[in-house]
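Here is the structure we will look at.
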Amino acid sequence: MEADRPPSNVSLNAEELVTTVLERAQQAVMNDTDTDQRTEPTDGPRRHVDWASCRDFNVDLGLRQISQYVGTWDVDPRWLLHVAHLETTEEDYNTVHRYRARWSIPTRRCPVPRETASVYFSVRVSKVRPRDDPVEVRYVVEASRSEVRVAAAGGREETRFRERWLEDLAGSKALLRQTVDF
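The numbers in the working numbering rise by one with no breaks, and the one at position 154 of the sequence shown is 154.
Right, here's the structure in full:
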């Protein structure tokens with residue numbers, strides 16, 4: 001039976017490894033990079049965002065405005081949000097900035113959630129329209145084909161965001177994880 005147990009120094013090394021990994025993960029969460037922004041959605045009275053003009057738009061402003069826009073959604077405060085810039089691409093008539101808003105519900109039992117739900121934003125900065133025009137913003141919920149156009153200030157949204165979309169997505173991922181053996 002003694003042969004089945006690892007030596008005590010192996011257990012100690014494993015414990016040190018786990019402690020180091022957890023400390024580094026905590027530091028990484030606390031020290032966000034410049035292109036990431038962690039927020040909790042706010043329950044502000046504003047329902048619309050005044051999107052930046054094509055002239056004034058930049059990656060950091062996009063992060064702030066997407067976080068502000070998502071804060072207008074009616075989502076349970078248990079959902080935590082992380083917004084990150086993914087890429088910038090040049091097209092003939094637009095510069096397209098892509099962002100991901102990743103949602104999760106951490107708990108005491110599982111502080112690092114296994115399932116997340118993402119909403120992907122594309123912000124189009126026109127090269128041909130007047131520079132004072134606002135940028136064009138659209139989003140797609142992960143695993144969906146429907147693209148929703150975000151209204152400019154004072155405009156009417158095509159589709160109201162529903163928290164149910166996040167719940168369904170996280171639930172289907174949990175179901176998939178349970179059916180796959182690792």
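For each residue, glycine too, the CB sits at the ideal point set by N, CA and C.
Proline 113 is positioned such that its CB atom lies no closer than 9 Å to that of serine 53. In the pairwise beta carbon analysis, the segment 102–111 is classified as not touching the segment 125–140: fewer than three pairs are separated by under 8 Å.
Leaving aside the five residues that flank isoleucine 66 on each side, the residues in its chain whose CB is nearer than 7 Å to its CB run, in chain order, Val83, Tyr99, Ala101 and Phe121. In summary, leucine 63 is buried, with 16 or more beta-carbon neighbours lying within 10 Å of its beta-carbon over all protein chains present. Taking the Cα of valine 150 as reference, the smallest distance to any Cα among Gly171, Trp73, Ser172 and Leu80 is reached at Trp73. For glutamate 167, the enclosing alpha helix (DSSP H) begins and ends at 163–179. Contact check for glutamate 142 and serine 172: beta-carbon distance about 10 Å, past the 8 Å limit, so the pair fails to qualify.
The segment 38–90 is shown to contain whole alpha helix (DSSP H) runs of 4 or more residues at 59–70, in chain order.
Annotation for arginine 102: the continuous beta strand (DSSP E) segment containing it runs 94–104. Rounded to the nearest whole angstrom, the CA to CA distance from serine 146 to alanine 152 is 19 Å.
In this structure, the CA atom of threonine 179 is about 19 Å from the CA atom of glutamate 167. Membership of serine 122 in the beta strand (DSSP E) is indicated by the continuous run 117–126.
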